[in-house]
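> Residue numbers (our numbering): 636 to 893.
#1: Just to confirm the assignment, what range does the alpha helix (DSSP H) spanning residue 716 have?
#2: Can you tell which of 719, 804, 839 has the C-alpha that lies nearest to the C-alpha of residue 742?
#3: I need the DSSP call for residue 762, collapsed to helix, strand or coil.
#4: What's the C-alpha gap between residue 843 and residue 820?
#5: Indicate whether residue 779 and residue 830 have their beta-carbon atoms separated by less than 8 angstroms.
#6: Just curious, the alpha helix (DSSP H) that residue 737 is in, first and last residue?
#7: So, under 8 angstroms CB-CB, residue 681 and residue 711 are touching, yes? Tell me the CB distance rounded to an integer number of Å.
#8: Which of the three DSSP states, helix, strand or coil, is assigned to residue 752?
#9: Since residue 707 and residue 716 should fall inside the 8 angstroms C-beta cutoff, what is the C-beta to C-beta distance between them, to a whole number of angstroms?
#10: Does DSSP classify residue 803 as helix, strand or coil?
#11: Which residues mark the beginning and the end of the alpha helix (DSSP H) in which residue 778 is found?
#12: Taking the C-alpha atoms as reference points, what is the distance between residue 799 and residue 675?
#13: Applying the 10 Å Cβ sphere with the 16-neighbour rule, what's the burial state of residue 689?
#14: Based on the DSSP secondary-structure assignment, which residues constitute the bridge partners of residue 709?
#15: May I have the straight-line CA-CA distance separating residue 735 from residue 814, to the nearest angstrom?
#16: Is it the case that the region 766-776 contacts the region 725-734, given that we only count it when at least three CB pairs across the two stretches are under 8 angstroms?
#17: What's the gap between the Cα of residue 875 and the Cα of residue 775?
#18: So for residue 865, helix, strand or coil by DSSP?
#19: Which residues in the same chain as residue 869 place their Cβ atom closer than 7 angstroms to its Cβ, once the five residues preceding and following it in sequence are excluded?
#20: In the DSSP assignment, what residue or residues form a beta bridge with residue 809?
#21: Could you tell me the distance, in whole angstroms, from the CA atom of residue 745 to the CA atom of residue 693?
#22: Is DSSP giving residue 757 helix, strand or coil here?
#23: Residue 682 by DSSP, collapsed to three states: which one?
#24: Specify the secondary structure class of residue 721 as computed by DSSP and reduced to three states.
#25: From this set, 811, 739, 849, which residue's C-alpha is nearest residue 824's C-alpha?
#26: By DSSP's criteria, residue 791 is part of a beta bridge. Which residues make up the other side?
#27: On the CB-based measure, 16 or more other CB atoms within 10 Å of its CB, does residue 810 come out buried or exposed?
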């Protein structure tokens, strides 16, 4: 079951941040829509940003401080924005460890530079450990461990392991989403600029606080998040609940299949 969280339930500053991001997104879409649709259409499966904006439901299906997910009006596809080419590339390398990616939304600026605004992917079901029945837990635990192990074997660190970043796909398997905080094993640390959800961040990565700087994640940090995720699966409790708050929220009021 999905939960609907209204903006009125958020602290004022969080409300303000989300509203500002949505306003900027809408402004950007309207600013570049004419340029994209009239002068340039990318090769499929990529789509022009203006076409994506016209094809999605403008109400966010889910949102966090980093991004929003929108549902396409037709079909079982979702759109994540903002998203970077780096995130897209990492999801492609992740293969079947990640939710299936269909393409990107692109636009071309007045200087002719092609820029990316988001990722088009399968629309799948959010994983809610609190609604899992006891007989299902062992199998789902095995899936969570397996998909993360496979991801690490591919040389990718996810960087933000938590139940909300697993989706239950139509084939019955859990797969990862939201690779905005991911990096390759051995990658130059300066190339990483993500933010990990506070409830699932390892103690190692909090040593620089309170200045707000998180060091790049390691495989061991992923495993710490894995441990807390499995604990949440079995206890139906959010780690550090009441101390920190996970910033991921889902609107189920519009989640019917297209």
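All C-beta atoms, glycine included, are put in the ideal place defined by N, C-alpha and C. Values in this document were obtained by computation on a predicted structure and should not be read as measured data.
So, to answer that:
#1: Where residue 716 is concerned, there is no enclosing alpha helix (DSSP H), although the beta strand (DSSP E) it sits in stretches over 712-716.
#2: 719
#3: coil
#4: 22 angstroms
#5: No, these two residues do not count as a Cβ contact at 8 angstroms.
#6: Note, residue 737: premise wrong, no alpha helix (DSSP H); beta strand (DSSP E) at 736-743.
#7: Taking a contact as a CB-CB distance under 8 angstroms, the pair residue 681 and residue 711 does not count as one, their CB atoms being some 19 angstroms apart.
#8: strand
#9: With a Cβ gap of about 13 angstroms, residue 707 and residue 716 do not count as contacting.
#10: strand
#11: 769-788
#12: 36 angstroms
#13: exposed
#14: For residue 709, which the question treats as bridged, DSSP gives no partner whatsoever.
#15: 13 angstroms
#16: Flag = no, the region 725-734 and the region 766-776 do not touch.
#17: The straight-line gap from Cα to Cα measures roughly 22 angstroms.
#18: helix
#19: Contacts found: 772.
#20: 803
#21: Each residue's Cα considered, the two are about 26 angstroms apart.
#22: Assignment of residue 757 by DSSP, reduced to helix, strand and coil, places it in the strand class.
#23: strand
#24: helix
#25: 849
#26: 819
#27: buried
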